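Trainee:
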């Protein structure tokens, strides 16, 4: 077995046209009124707006408030939602 440091190595060369090496980065000042932060890739942002993703995440988090795995449940829900929309 062998590994390479290049994630787009043998067998994935076609992805070089689709994957950009420079991510879009934004900085925000957080406040005490912030309820959640959604960090995602284009797989989510291609099918949801910022507001839609936030509303879905907040709805799930409010249902699971106090649960140890509330963030994981919200993440799983957004993943399923995004993959069903593609």
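In the working numbering, the protein residues as written are 18 to 103.
Backbone N, C-alpha and C fix where the C-beta goes; we use that ideal spot for every residue, glycine too.
Computed from a predicted structure; not experimentally measured.
1) Whether or not the region 42–53 and the region 71–87 are in contact is what I'm after, with contact meaning three or more pairs of Cβ atoms, one per stretch, closer than 8 Å; do they touch?
2) How long is the line joining the alpha carbons of residue 21 and residue 39, rounded to whole angstroms?
3) Using a Cβ-Cβ cutoff of less than 6 Å, which residues in the same chain neighbour residue 88 once the five nearest sequence positions on both sides are dropped?
4) Closer than 6 Å by C-beta to residue 94: which residues in its own chain qualify, once you throw out the five before and the five after it? Chain order, please.
5) According to DSSP, is residue 65 part of a helix, a strand, or is it coil?
Mentor: Let me spell this out:
1) yes
2) Note on residue 21: pLDDT 49, under 50, position unreliable in the model; the coordinate value appears next. C-alpha separation (whole angstroms): 20 Å.
3) none
4) 77
5) Coil, per DSSP.
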